[in-house]
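K.L.:
Each residue of the sequence shown is one higher than the one before, counting from 10 in the working numbering.
Each residue gets a CB set at the ideal place from its N, CA and C atoms; glycine is no exception.
For clarity, every value in this text was computed on a predicted model and none was experimentally measured.
Here you go, one structure.
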Amino acid sequence: METMHAAGRRNLPPVPRTSAETIPPAPQAAPAPVAAPAVPDATARLDAGQAFVTRLRAAAAAFADAAGAESAVVREVVPPARHRRARCRVVFRSPDGAESDLTFVGERRRAGAPAIEELDGGIIRWLADGQQRDPAWLMADEESTDGLAIDLTAWLAAG
């Protein structure tokens with residue numbers, strides 16, 4: 010039983026075929042295997058700022074050794090930029106359990122300057138050289154716990 014009347018149906022002419030449908034497709038060769046993309050090394054994906062932060066955080070044990078501390082934790086790292094200086098805040102725990110919190114400030118990044126590579130080495134040298142706090146290389150820093158930061162650029166220049 011049909012619910013539509015024959016008078017309501019429209020008779021349409023057939024749709025003409027395209028030329029692509031009338032020509033049989035040419036046999037195709039199997040696609041060449043696609044080589045898996047090389048997975049880059051994890052450090053290759055890091056930008057310069059991330060690499061700077063990673064390197065300073067990884068140097069915590071070297072900081073502790075240079076300071077004669079039991080352990081060290083890098084609490085804060087700010088990579089250098091054209092408008093700001095590099096900074097690194099390290100908390101040391103001495104064998105007697107006392108903690109000390111130091112903030113180090115490095116250079117701004119300049120084109121071609123190796124300063125980004127030298128902050129960790131400068132911190133280790135300052136710690137190993139007796140941690141002297143001369144006003145010539147101490148600077149006011151409202152973000153550090155004691156209000157002072159060690160200016161490694163001035164210390165290295167005086168050195």
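1. Quick check on DSSP: helix, strand or coil for T7?
2. Taking Cβ to Cβ, would you say L65 is nearer than 8 Å to D129?
3. What is the DSSP secondary structure of V43, counted as helix, strand or coil?
4. Check each candidate in A76, V43, P42 and name the one with the smallest Cα separation from L136.
5. Can you give me the Cβ contacts of A78 inside the same chain, cut-off strictly under 7 Å, excluding the 5 residues immediately before and after it?
6. With a Cβ-Cβ cutoff of 8 Å, do A90 and A81 count as a contact?
7. Using CA atoms only, rank isn't needed, just tell me which of P36, P88, Q37, G106 is closest to A57.
8. Assuming contact is defined by CB atoms lying nearer than 8 Å, are A145 and V114 in contact in what I supplied?
P.N.:
Here's the rundown:
1. No answer is possible for residue 7: it lies beyond the span of the chain, which begins at 10 and ends at 168.
2. Cβ atoms of L65 and D129: closer than 8 Å.
3. Note: V43 maps to coil in three-state DSSP.
4. Measuring from the Cα of L136, the nearest candidate turns out to be A76.
5. In its chain, beyond the 5 residues on either side, F101, R102, S103 have a beta carbon closer than 7 Å to the beta carbon of A78.
6. Taking 8 Å as the cut-off, the Cβ atoms of A90 and A81 do not count as close.
7. Nearest of P36, P88, Q37, G106 to A57, Cα basis: P88.
8. Not in contact: A145 and V114 (Cβ atoms no closer than 8 Å).
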